[in-house]
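Working notes, beginning with the structure itself.
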Amino acid sequence: MTARKVRRLGPTPEAVTDASLLADIAHEDLGALGVLYDRHAKSVWRVVQRVTNGAGDADDIVHATFLKVPQLAASFDGRPSARSWLIGIAVRLALRHTRTIGRFVGMLKRFSNATRDADRLDPEVLASGRAELVVLEGAVRRLSPAKRAVFVMVELEGLSNDEVARALGIPAATVRTRLFHAKQELREALGRTGGR
Amino acid sequence: MSCERSWEVRAIDEGRLAASDIAAFERHTEACSSCAAEWSTFEHLRRVSEDLATRGPSDLSDLELRRLRARVLRDAMSASSPSRPRAIAAAVGVVALAGAAFVAVRANRAVPATEEPFAANVTASVAAHWTQSRDRGEEHVVLDDGDVELQVRKQRPDERFLVTVPDGEVEVRGTTFQVSVHEGRTSRVHVDTGVVVVRVHGETVLTAGETWAPPGDQPMFLPPPLASASAAEPVFPALRAPASSARSAGVRKPTVPAATAPSGDREMTQYDEAIQAYRLARFELAATLLHTFVADHSSSALVDDASFIEASSLASAGHTEAAARLASDHLRRFPSSFHHKDAAILVARIGRDHDDCEAARAVLAPWTTASSVDATVTAALGRCAPAVAPTTVAPTRGAPTRGAPTRGAPTGGAPPKGAPGRAE
């Protein structure tokens, strides 16, 4: 007889490492999946929201990400935190998602909106010193999905180049190149608005 | 004009230069305006990026986060659920214990090509008397006697699916469930997935894992209703935890003598015997066996299930105070339990029956703050329900005071976790 295990983690699940949780998930412990979700769901959702330019699909992608975890848990490499690993799964799903025609059309629309938003800074925003932020946000939205993903993961989420390379399954040199070009575009955007 | 050392800006940004090289470059920028400007734009971008990192997109609300969590766990659970044949085998096993030989009779049998295909697969006992018909989107299964299990595909808006029983009917929107009729009376309706409406002696909505039995009846193999449960309430408890539901009587392992069995087998044997007793409505015995199981296997993966079912057994045996104490203890010990809501319902019902509406509402507050309150919660609150005011009832994390199940349910804390499929 086989039956799904629902092992509990005891009164202090905070003390359990992500690696241990993933080992339990690999043995179909859905309680552990709940704990992993509680730890990282917000962070993963935030990255997805940025990578997809807030297309409204973030919930579905986070859902798909955590549903993938039981299948992939056995291949987790045991690093102390699963955050970058989860973000990697989510970003790959997000990039695949945005490649569809429908998403592309949606992105074009949002692109034009973002451009308008960036060009129309209201005086209050300018006065509050948030102008540069708005410009940068608009410029990040206009980056290509691949460059945007790398920029978000490295610069906004604080992952190392190597972590991003591992998470996305690309060479570290590619991460550096994409990041460099992303930054070039962003610097130009900031420069155009007289940000400095 | 570009300086030949401008590449060092990128190298520094990527962390490829040693501290001494960075210091040398900084000295260089004092004399080189080109590199100084280049370095300045990188620094500027870094500062603004740091600012942007702290101003993320507006986060998910706690409610959205919980809903998404429930969705993830529910779907993960169904993805790893035992196959349907196993579930059907389990159902067959239960019926076999009743002495009724059970065979599979598929209802979507030879249907002329010009007729509509049936929406349901019906698995029936050989002794069952039933018919199935369909006309212009309305399908009827008429069950006069015996046991049937139905798997009904999701219904379109213009479709209806009804099971007509001698004393009422069951309406379905797309689900898997079982109906039993004996001596002209409906004795049991159990829902595996989906939602059904039972219209027998009033109307009752059943969701996944719940079982209906007629008021005042003691059907074979079913726990009797709590002494205090109202006539229309479904029988409590509804076992819908994955581990326990997968271990229904029909899939028991061969008994291994306790003295010689490996500890893992002993654990399973002990657990299965307790569940068997529960299924046979021998609640006193089930409670005793489960209590022993919890004591003997405190680190077992099944302790959560065992502790909840022990509380359920005690409640069904009429030991309501002890059941409430145990359910409270369960809520405290297993905040992520799959049984969290059912344990809370148990505590709330007993609170309600002791006229302690405040405690009943408090323990169920996490499920009454949603825009729609499901039938099990409404039924558990009973007469306490009208006074529910979501904005004034403090949320609880389901850890009522030990030994005082009907009073002093704590307030504060986040809503419960681990109640897949129920938060949506």
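Which chain is which? The protein sequence lines are A and B, in order.
Position 3 (the first sequence) corresponds to 3 in our numbering; numbering is contiguous.
Position 182 (the second sequence) corresponds to 1182 in our numbering; numbering is contiguous.
Each residue gets a CB set at the ideal place from its N, CA and C atoms; glycine is no exception.
So, are the CB atoms of residue i and residue j less than 7 Å apart?
i         : j         : result
A/Leu143  : A/Ala182  : yes
B/Leu1068 : A/Asp77   : no
B/His1339 : B/Phe1308 : yes
A/Val62   : A/Ala149  : no
B/Trp1212 : B/Val1189 : yes
B/Gly1137 : B/Asp1158 : yes
B/Val1172 : B/Val1148 : no
B/Val1165 : B/Thr1186 : yes
A/Leu30   : B/Leu1073 : yes
A/Ala26   : A/Ala82   : no
A/Val152  : A/Val16   : no
A/Arg176  : B/Glu1043 : no
A/Asp38   : A/Ala32   : no
A/Leu136  : B/Leu1052 : yes
B/Val1048 : A/Glu132  : yes
B/Ala1076 : A/Leu67   : yes
B/Ser952  : B/Glu1267 : The structure shown does not extend to residue 952 of chain B, since chain B is modelled only from 1001 to 1424, so the question has no answer here.
B/Asp1304 : B/Phe1334 : yes
Determine which residues share a DSSP beta bridge with residue i and list them.
i         : result
B/Asp1429 : Outside the displayed span of chain B (1001 to 1424) sits residue 1429 of chain B, for which this structure offers no information.
B/Pro1120 : For clarity, residue 1120 of chain B is Ala in the given sequence; the question names Pro instead. According to DSSP, B/Ala1120 bridges with B/Val1152.
B/Phe1161 : B/Glu1139 and B/Val1172
B/Trp1212 : B/Val1189
A/Phe180  : Bridge partners of A/Phe180: none, in fact.
B/Leu1206 : B/Val1196
B/Ser1180 : B/Asp1147 and B/Arg1188
A/Arg187  : According to DSSP, A/Arg187 bridges with nothing at all.
B/Arg1134 : B/Glu1139
So residue i contacts chain B; which residues on that side make the cut at Cβ distance below 7 Å?
i        : result
A/Ala149 : The contacting residues do not exist; A/Ala149 stays about 15 Å from chain B at best.
A/His63  : Leu1068, Arg1071 and Val1072
A/Leu190 : His1044, Leu1045 and Val1048
A/Leu30  : Leu1073, Ala1076 and Met1077
A/Asp59  : Leu1068
Only counting the same chain, and skipping five residues up and downstream in sequence, which positions put a Cβ closer than 6 Å to that of residue i?
i         : result
B/Cys1032 : Cys1003
B/Leu1364 : Ala1344, Ala1348 and Val1377
B/Thr1029 : Cys1035, Ala1036 and Trp1039
B/Ala1306 : Leu1290, Phe1293 and Val1294
B/Thr1320 : Ile1350
B/Leu1017 : Ala1011
A/Leu179  : Val150 and Val154
B/Ala1327 : Ala1311, Ala1343, Leu1346 and Val1347
B/Asp1144 : His1129
B/Glu1139 : Ala1119 and Phe1161
Determine the chain A residues that contact residue i at a beta-carbon separation under 7 Å, and present them in chain order.
i         : result
B/Ser1298 : Correct list: empty, because the minimum Cβ distance to chain A is about 10 Å.
B/Asp1051 : Leu133
B/Glu1014 : Arg176
B/Leu1017 : What B/Leu1017 touches in chain A: nothing, since even the nearest Cβ is about 14 Å away.
Sorted by chain position, which residues of the same chain lie with C-beta nearer than 7 Å to residue i's C-beta, five sequence neighbours on each side aside?
i         : result
A/Val44   : Val62, Thr65, Leu86, Ile87 and Ala90
B/Leu1222 : Any answer about B/Leu1222 is weak, because its pLDDT of 32 lies below 50 and its placement is not dependable; what the coordinates show is given next. If we look at B/Leu1222 and ignore the five residues flanking it on each side, its Cβ neighbours are Arg1188, Thr1211, Ala1213, Val1235 and Ala1281.
B/Thr1193 : Thr1175, Thr1176 and Ala1208
A/Glu157  : Val47 and Ile87
A/Asp57   : His97
Could you round the C-beta distance between residue i and residue j to whole angstroms and report it? I think they count as a contact, below 8 Å.
i         : j         : result
B/Leu1314 : B/Tyr1271 : Between B/Tyr1271 and B/Leu1314 the Cβ distance is about 17 Å, and since that is not below 8 Å, they are no contact.
A/Leu168  : A/Val140  : The pair is not a contact, with the Cβ atoms about 17 Å apart (cut-off 8 Å).
B/Val1141 : B/Ala1128 : Not really, about 11 Å apart at Cβ, beyond 8 Å.
B/Ala1317 : B/Glu1273 : Wrong, their Cβ atoms sit about 17 Å apart, outside the cutoff.
B/Ser1312 : B/Leu1346 : 7 Å
B/Val1170 : B/Val1197 : 7 Å
B/Leu1065 : A/Lys42   : 7 Å
Kindly list, in the order they appear in chain B, the residues whose Cβ is closer than 9 Å to that of residue i.
i        : result
A/Arg187 : Thr1041, Phe1042, His1044 and Leu1045
A/Glu155 : Leu1045, Arg1046, Ser1049, Glu1050, Leu1052 and Ala1053
A/Leu136 : Leu1045, Val1048, Ser1049, Asp1051 and Leu1052
A/Ala41  : Leu1060, Leu1065, Leu1068, Arg1069 and Val1072
Which residues of chain B have a Cβ atom closer than 8 Å to the Cβ of residue i, listed in chain order?
i        : result
A/Phe66  : Val1072 and Ala1076
A/Asp18  : Here the premise fails: no neighbours, minimum Cβ distance about 16 Å.
A/Ala90  : In chain order: nothing, as chain B lies at least about 13 Å away.
A/Ala173 : Chain B residues near A/Ala173: none, gap ~11 Å exceeds 8 Å.
For residue i, which residues of its own chain have a beta-carbon under 8 Å away from its beta-carbon, when the five flanking residues on both sides are left out?
i         : result
A/Asp117  : Per-residue confidence for A/Asp117 stands at a pLDDT of 46, beneath the threshold of 50, marking its modelled position as unreliable; the derived number appears in the next sentence. Around A/Asp117: Val134 and Gly138.
A/Pro171  : Ala165
B/Arg1156 : Gly1137
So residue i contacts chain A; which residues on that side make the cut at Cβ distance below 8 Å?
i         : result
B/Arg1010 : Phe180
Name the chain A residues whose beta carbon is nearer than 9 Å to that of residue i?
i         : result
B/Leu1285 : Under the 9 Å cutoff, chain A gives no residues; its nearest Cβ is about 22 Å from B/Leu1285.
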